[in-house]
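Here the structure is laid out as structure tokens; the discussion comes afterwards.
Residue numbers (our numbering): 7 to 839.
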């Protein structure tokens, strides 16, 4: 605004305006000033006349009373009574700025005098105004000046500090500080920092301030460390509740998704300078698990876990890993942590499971309900181990390899003792009966069915898929059963057995004819499907992924039977070069299947069945020679596979299953010899392969049968929980601890729930740190479903007579789930710890 506009603005609110021009800067301009409907009068010993003019002659007119002097004292001002109900205008630079910013506090004069250079720029003043409220106070204006110079995101201390820290901790190379120093605002910044965080130090540098912030957060999350006197020198740098204020500042910083990466850089720099993490290296794991302020803590914890006998206290170490999942650096170290977690779960399941069975049906039941978890935990360990810190966990890897081999050897030895061909051929779960038992009747009822056949999707992988679908997919009904694969457990046989057929002929070289026709590729399988049902279609996963939902709807139009073939696991596992990555392929396969299921649902496919052609055996370490057995027959006229051999002249040998030839009208096959357990034939190209199939181990023979139905009605719900302590709704500590009980185990119909918890006042202001609780236990044991959370109250005064609320929000959608009323009566008001 120019002077004329400012004056008109004054007259919009007042009839009379006094202008005191102390330095006489505008005495010449007053003559040319044009203010419509305003009487402009110079005050030059004519006060009595002006008083008469204003109050008697023109009582409704507007008057500008101009003084070519400072404002006279009241006792010498003959117009003082009129001044009381009028407005005042100043046109000196300081007054114009004060008026422009609508500043009313007296200390502005000091700000203006000390930082006049800052105020001498119209563009800078305009930017400053954008940071301020309608009537800023001293603190707001001071911080706004700093925010203006460094171009902070907004006018608060957090945004200012983020901008400063973005430029690094080297004060001589910090561009933001350099800009502030031009206007002496760097000293103002440090003054604000010291006052806000109650820092006693006479001199403070950016590095020292960052160091104090990091240390305060260490003590906020691990207050028990105070007694160990590791950070006394930093504690003593604070007054009052400054330590709390600083700790909570860092806690909120870590939850700030836009700027928490900056904390990682700052804390690492500080740690390198002050060796903070080395002060903690001798702490026990229980104390270390509560420290979330330094990245190097993750390395210290992992190093200790790698060296300790974690098998002796499984739950203790699982709890430590669970705590570390809250760490800002979790994603960086999760593969190594999860390797240890699955090692511990492997140990836990190994202790609890005993593969004793006197009947084959009982052993199958044990495997499909419990024993398969050994395979899952082994696979998961290997997957995360290979994607984590291999060197650190090498000893665990060796121990797990040995234990897994021993268990699988024991399990399949019992299996081999019970297995007969009648179980494979006449079982109601026989793979050969798949079409007749699970598809034919549905087609006759005019239902539309989609079958996804995933090559080498063994049973335990199917279980993981079912868990994922049950927990995460909405409006899905998922059921799990099993099939018994046809033998030999190879792709050609399994794929043929799942097709509609009258007769399957298995050749000695492993090739297969279905009703006298080959079924090697998708086109051949499509042709066979069409002979049984004109409205059938066979396509690949790649075809599904390449088409839009609209295109799929068009493709599926008029089709009531769709076979989709996926080949991820077997493709990687069968290759000698890539077989070591087969568990990575499993993860890819599971993710792909979830996407396909979702896409099929969007394409109006509501009934889906997922199964496999065969399973596989896999040990990650080198295959020892004792696992290889001699083949005593003439190899020149047969096709010898490491896991089986077919032929007319084959006879039983030691350490092998021998099943005689069969020709029962539906299946035609020659004599077959299959090494027991994990054995394989010597002198074959694949004898040293770690990934194999073709045999009759549980892992090769038992396959998942997953039935999925997209339902219109929501049948799933999130799990509920209740607070079980404190029993009285009173908080008496700055670090209140809460205990919650998950109401029931997670299942396919009861979904896990992750919540954010905090203490709030009646205006919904957050008064504590934010805690995360993950209700995801699938155990019947109440102890496994009990969760403990500790919050940190902010360093403010609480009214013991007021009601505060503990609120629980769904982390995914921020919906308030439940809340509890609390009184807060801190027994020791200055007890930070």
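Ideal Cβ placement from N, Cα and C applies to all residues, glycine included. Here the structure is a predicted model, which is why all the values come from computation and not from measurement.
Identify, in the order they occur along the chain, each residue of the same chain with its Cβ nearer than 6 Å to the Cβ of residue i, setting aside the five sequence neighbours on each side.
i, result
"residue 745", "730, 731, 794"
"residue 341", "390, 393, 394"
"residue 133", "154"
"residue 385", "589"
"residue 836", "Bear in mind that a pLDDT of 40 at residue 836, under 50, signals an unreliable position, so the number given afterwards is only what the model happens to contain. Counting only Cβ-Cβ distances below 6 Å, and skipping sequence neighbours, we find nothing."
"residue 123", "189"
"residue 839", "Reliability of the predicted coordinates at residue 839 is poor, the pLDDT of 40 falling under 50, and the value obtained from them is presented with this limitation in mind. 229, 232."
"residue 717", "481, 483"
"residue 221", "237, 240"
"residue 737", "828, 830"
"residue 10", "none"
"residue 457", "569, 615"
According to DSSP, what are the bridge partners of residue i?
i, result
"residue 546", "571"
"residue 680", "663"
"residue 95", "25"
"residue 518", "512"
"residue 799", "774"
"residue 779", "761"
"residue 457", "569, 615"
"residue 524", "519"
"residue 731", "745"
"residue 653", "677"
"residue 724", "757"
"residue 842", "Nothing can be reported for residue 842: it is not among the residues displayed for the chain, which extend from 7 to 839."
Exposed or buried, what is residue i when buried is set at 16 or more other beta-carbons lying within 10 Å of its beta-carbon?
i, result
"residue 166", "buried"
"residue 697", "buried"
"residue 227", "buried"
"residue 16", "buried"
"residue 821", "exposed"
"residue 781", "buried"
"residue 573", "buried"
"residue 3", "Any answer about residue 3 is impossible in this case: the structure gives the chain only from 7 up to 839."
"residue 834", "With a pLDDT of only 40 at residue 834, under the threshold of 50, the placement of this residue in the model should not be trusted; the figure read from the coordinates follows. Classification for residue 834: exposed."
"residue 682", "buried"
"residue 495", "buried"
"residue 34", "exposed"
"residue 91", "exposed"
"residue 278", "exposed"
Between residue i and residue j, which are expected to be in contact by the criterion C-beta below 8 Å, what is the C-beta distance as a whole number of angstroms?
i, j, result
"residue 761", "residue 779", "5 Å"
"residue 490", "residue 502", "Between residue 502 and residue 490 the Cβ distance is about 15 Å, and since that is not below 8 Å, they are no contact."
"residue 88", "residue 22", "6 Å"
"residue 695", "residue 582", "7 Å"
"residue 98", "residue 31", "7 Å"
"residue 703", "residue 412", "Not really, about 15 Å apart at Cβ, beyond 8 Å."
By Cβ distance below 8 Å, which residues in the same chain neighbour residue i in space, the five residues on each side in sequence not counted?
i, result
"residue 311", "291, 323, 326, 346"
"residue 261", "776"
"residue 644", "514, 651, 652, 653, 656"
"residue 723", "755, 756, 757"
Apart from the five residues on each side of it in sequence, which residues of its chain come closer than 7 Å, Cβ to Cβ, to residue i?
i, result
"residue 233", "none"
"residue 433", "490"
"residue 785", "751, 791"
"residue 248", "203, 204, 205"
"residue 640", "none"
"residue 182", "156, 169, 170, 173"
"residue 559", "609, 610"
Any Cβ of chain B within less than 8 Å of the Cβ of residue i?
i, result
"residue 546", "Going by chain labels, chain B is absent from the structure shown, which holds only one protein chain."
Legend entry - the segment 652-671 in contact with the segment 606-613 per 3-pair CB rule at 8 Å: no
Legend entry - Inter-stretch contact at 8 Å, needing at least 3 Cβ pairs: the segment 471-487 / the segment 628-645: no
Inset, instruction - Determine, using beta-carbon pairs with one atom in the segment 456-472 and one in the segment 698-716, whether at least three such pairs fall under 8 Å. - result: yes
Legend entry - the segment 216-226 touching the segment 252-263, judged by at least three CB pairs closer than 8 Å: yes
Inset, instruction - Count the C-beta pairs between the segment 589-604 and the segment 417-429 that are closer than 8 Å, then say yes if the count reaches three, no if not. - result: no
Legend entry - Meets three-Cβ-pair contact criterion under 8 Å: the segment 530-542 and the segment 566-585: yes
Inset, instruction - Evaluate the contact criterion for the segment 401-409 versus the segment 673-684: three or more CB pairs, one atom per stretch, below 8 Å. - result: no
Inset, instruction - Could you tell me whether the segment 683-690 touches the segment 644-661, where touching means 3 or more Cβ pairs closer than 8 Å? - result: yes
Inset, instruction - Determine, using beta-carbon pairs with one atom in the segment 312-322 and one in the segment 262-270, whether at least three such pairs fall under 8 Å. - result: no
Inset, instruction - Spell out a yes or no on whether the segment 47-65 and the segment 139-149 are touching, meaning 3 or more CB-CB pairs, one atom from each, closer than 8 Å. - result: no
Legend entry - Contact the segment 171-186 vs the segment 113-120: 3+ CB pairs below 8 Å: no
Inset, instruction - Taking 8 Å as the threshold, find out whether the segment 434-444 comes into contact with the segment 504-514 through three or more Cβ pairs. - result: yes
Inset, instruction - Inspect the CB distances between the segment 658-667 and the segment 548-567 and report whether three or more fall short of 8 Å. - result: no
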